[in-house]
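Some notes on the structure that comes next.
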Amino acid sequence: MPFFASYDGTKLSYAEVGTGPRLLCLPGGPGRAAAYLEDLGGLAADRTLVLLDSRATGRSEVPPDPTTLRFDRLADDVEALRAHLELEAADVLAHSAGTIVAQAWASAHPDRVSSLVLVTPSGRLQGSDRTDVEELVAARSDEPWYADAREALDALETAPPAQQQMLWRAIRPFMYGRWDDRTQAHAATAETQTSKRAEIGFRPAREEDVDVAA
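In the working numbering, the protein residues as written are 14 to 227.
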């Protein structure tokens with residue numbers, strides 16, 4: 014697995030999977046290593062997936078400055094990776110929380126964007142009120158796991174920190190289009206692939222310090 018030195022000297026790891034033109038892939042979580050993206054459902058047959066482990070995740074180094082774990086600072090790592098790969102402009106695919114990083118990178122370097130794919134993107138930067146969540150949850154009401162997962166979801170908002178990990182496990186079926194042996198095995202890797210340090214550092218201490226949308 015290759016490494017490169019980012020803008021501040023932090024060594025970051027990435028994997029290249031597949032053949033064809035490079036596609037930079039940013040994982041979600043936040044704070045999850047890129048291994049869970051696998052081959053993106055067979056996309057590696059047509060593209061070389063460059064799976065970046067964000068700082069403090071996977072095999073990437075933990076930076077000396079924890080503020081560089083903020084999503085807007087992670088965007089600087091995307092730009093450093095583009096430069097390392099000597100790409101004039103980059104095709105970037107990001108998933109979930111990674112879409113926030115991708116938007117921050119694109120807003121700072123619009124001339125370096127060849128294409129941008131946001132998979133299940135967060136509307137956080139656009140002030141989303143998440144009013145569609147209830148409808149999406151209710152659409153799964155005929156699933157055999159729904160009652161237990163719904164109870165856990167309702168409890169999550171007010172649950173003490175000691176109970177939250179257990180509740181997150183219970184609501185994982187909502188995060189998959191189907192809930193079978195294959196997806197259950199995939200979901201079970203989340204805890205070993207996620208860095209708590211990176212997860213906590215993802216958001217700025219004050220939202221007003223970051224104005225990517227503008």
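Glycine included, each C-beta is placed from N, C-alpha and C at the ideal position. Keep in mind that this is a model prediction, so the values were computed, not measured.
Exclusion of the five residues before and after Asp-59 leaves Gly-33 as the residues of its chain whose Cβ lies within less than 6 angstroms of its Cβ. DSSP places Tyr-189 outside both helix and strand once states are collapsed to three, so it counts as coil. Each residue's CA atom was taken as its position, placing Arg-153 and Asp-85 some 34 angstroms apart.
Rounded to whole angstroms, the gap between the alpha carbons of Glu-99 and Arg-35 is 11 angstroms.
Between Pro-217 and Gly-111, the C-beta spacing is not below 7 angstroms. Going by C-alpha positions, Tyr-159 is about 11 angstroms away from Arg-185. Per DSSP, reduced to three states, the secondary structure at His-199 is helical.
Under the criterion of beta carbons closer than 8 angstroms, Ala-57 and Ser-208 do not qualify as touching, at roughly 25 angstroms. Secondary structure note for Glu-164: its alpha helix (DSSP H) is the uninterrupted segment 159–169. Counting C-beta pairs closer than 8 angstroms gives fewer than three between the stretch 177–184 and the stretch 42–50, which falls short of the contact rule. For His-108, the number of other beta carbons within 10 angstroms of its own is at least 16, and it is reported as buried. Leu-65 sits away from Val-30, with the two beta carbons spaced by 7 angstroms or more.
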